[in-house]
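In the working numbering, the protein residues as written are 537 to 785.
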């Protein structure tokens, strides 16, 4: 099997780390981006010829360019991109919203994703590659106090759809990873007090009763899509366990 080169953002923990580990176990090469370097350095030491990493904030103006250049200078190509980074807060009702805080969230969840997409398109076009946007069920549902996060993920879905239309040789997919046992779920349980009580309780109960998805479960699907997603999936949004993705699980 040909070794592919994949950029993975938010790669130091949770879903991003699971995606990176899955790709490396399958003998692919990765360019990892995260604000925290410790775990990335550990993976570099474990897979010295297969890992390059950049410890940087995706919202900084030059990070998308630096990650793209690192991939090309180190491995000579880009076959896939996993846009996984993002933030949940602010979690407030719209009537209490800070427009500036919403803008910061959109920088993290959408505009930095747009920047990385724009930078990598020429290389993905050359490789007939894939780009996977890690979305959320909140992109198509609404919860009290989730307006900033949910609408930013809906925008990400739309970006995936537009890439699919504009770039026919690139396969662009948005994936909801489900309720995954990550730090974001912990933050939700701690800060989601403005949610409707019945909605908040479902998240809390799923955690307490062990029903949260392990990062490796949906991470494995995302990793496989980043190197093998079929063109007929392009421009579409799926839940990680959708019937259409059975062959990637």
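We put the CB at the ideal spot given by N, CA and C, even for glycine.
Would you kindly work out how many angstroms separate the C-alpha atoms of residue 781 and residue 709, rounded to a whole number?
Along the chain shown, read from residue 1 onward, the residue named residue 781 stands at position 245. Along the chain shown, read from residue 1 onward, the residue named residue 709 stands at position 173. Using only the alpha carbons, I get a separation of about 11 Å.
Flag this pair as yes or no: are the beta carbons of residue 565 and residue 544 separated by less than 8 Å?
Within the chain shown, numbered from 1, the residue matching residue 565 stands at position 29. Within the chain shown, numbered from 1, the residue matching residue 544 stands at position 8. No. Outside cutoff.
Strictly by DSSP, which residues pair up with residue 617?
Reading the chain shown from its first residue, position 81 is the one you call residue 617. Paired residues: 543, 667.
Could you tell me how far apart the beta carbons of residue 755 and residue 554 are, in whole angstroms, since I believe they sit closer than 8 Å?
The sequence position of residue 755 within the chain shown is 219, counting from 1. The sequence position of residue 554 within the chain shown is 18, counting from 1. Going by Cβ atoms, the distance from residue 755 to residue 554 rounds to 3 Å, so yes, they are a contact pair.
Determine whether the beta carbon atoms of residue 590 and residue 645 lie at a separation below 8 Å.
One-based indexing of the chain shown puts residue 590 at position 54. One-based indexing of the chain shown puts residue 645 at position 109. Going by C-beta atoms, residue 590 is not nearer than 8 Å to residue 645.
Among the candidates 624, 689, 680, whose CA atom is the shortest distance from the CA of residue 673?
As a first step, residue 673 must be located in the chain shown, where it is residue number 137. Answer by Cα proximity: 689.
Only counting the same chain, and skipping five residues up and downstream in sequence, which positions put a Cβ closer than 6 Å to that of residue 784?
Here residue 784 corresponds to residue number 248 of the chain shown, with the count starting at 1. Correct list, in chain order: 757, 760, 761.
Rounded to a whole number of angstroms, what is the C-alpha to C-alpha distance between residue 776 and residue 695?
Locating residue 776 in the chain shown gives position 240, where the first residue counts as 1. Locating residue 695 in the chain shown gives position 159, where the first residue counts as 1. One C-alpha to the other measures close to 18 Å.
Return the CA-CA distance between residue 731 and residue 549, expressed in angstroms with no decimal places.
By 1-based counting over the chain shown, the position of residue 731 is 195. By 1-based counting over the chain shown, the position of residue 549 is 13. Spanning the two alpha carbons is a distance of roughly 26 Å.
Enumerate in chain order the residues of its own chain whose CB-to-CB distance from residue 679 is below 8 Å, with the five nearest sequence positions on each side excluded.
Your numbering for residue 679 matches position 143 in the chain shown. Result list for residue 679: 686, 731, 732, 735, in chain order.
Helix, strand or coil, according to DSSP, for residue 568 in the structure here?
Mapped onto the chain shown, residue 568 falls at position 32. It is a strand residue.
Have a look at 615, 638, 749 and flag the residue whose alpha-carbon is nearest the alpha-carbon of residue 681.
In the chain shown, counting from the first residue as 1, residue 681 sits at position 145. Nearest of 615, 638, 749 to residue 681, Cα basis: 638.
Considering only their Cβ atoms, is the gap separating residue 651 from residue 592 smaller than 8 Å?
Looking up residue 592 in the chain shown gives position 56. Looking up residue 651 in the chain shown gives position 115. No. Outside cutoff.
Identify whether residue 749 lies in helix, strand or coil by the three-state DSSP scheme.
Reading the chain shown from its first residue, position 213 is the one you call residue 749. DSSP places residue 749 in strand when its eight states are reduced to three.
Touching or not, the segment 574-585 and the segment 602-615, by the rule of three or more beta carbon pairs under 8 Å?
Not touching, per the Cβ criterion.
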